[in-house]
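Residue numbers (this note's numbering): 265 to 387. Structure record follows, encoded as structure tokens.
Shown next, in the form of structure tokens:
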């Protein structure tokens with residue numbers, strides 16, 4: 265019979281600059297607002313790294329008290345499995361902040377008018 269390998273505790277490495285940028289971006293999300301994983305990644309200077317946002321939230325120390333519930337999937341979708349404890353907790357926290365959750369989704373703010381942003385008025 266083979267001897268069981270002893271489990272070693274995971275080494276805690278310092279977070280990367282990318283992870284810290286994501287944490288800062290999530291921490292800056294105002295109460296009552298939501299953002300998608302992809303938008304958080306873009307704001308953190310990491311375009312197309314939405315999955316890294318999910319990882320960063322998963323490994324974030326509780327002491328940071330990040331408002332993780334304000335980050336949703338594409339199209340405003342709650343990213344946790346429907347009916348799961350995490351999905352219920354996210355829905356509860358969003359509702360407490362006045363964000364309406366219907367059928368597992370939140371209403372995302374409209375995309376900005378790029379003409380107005382670039383030229384100062386709509387064309």
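The C-beta atom is built at its ideal place from N, Cα and C for all residues, glycine as well.
Item                                                                                                        : Value
Alpha carbon to alpha carbon, how far is residue 338 from residue 315?                                      : 12 Å
Please list the terminal residues of the continuous alpha helix (DSSP H) segment that includes residue 358. : 349-360
Indicate whether residue 258 and residue 363 have their beta-carbon atoms separated by less than 8 Å.       : Nothing can be reported for residue 258, as the shown portion of the chain is limited to 265 through 387.
Rounding to the nearest angstrom, what Cα-Cα distance links residue 308 and residue 286 in this structure?  : 6 Å
To the nearest angstrom, how far is the alpha carbon of residue 358 from that of residue 352?               : 10 Å
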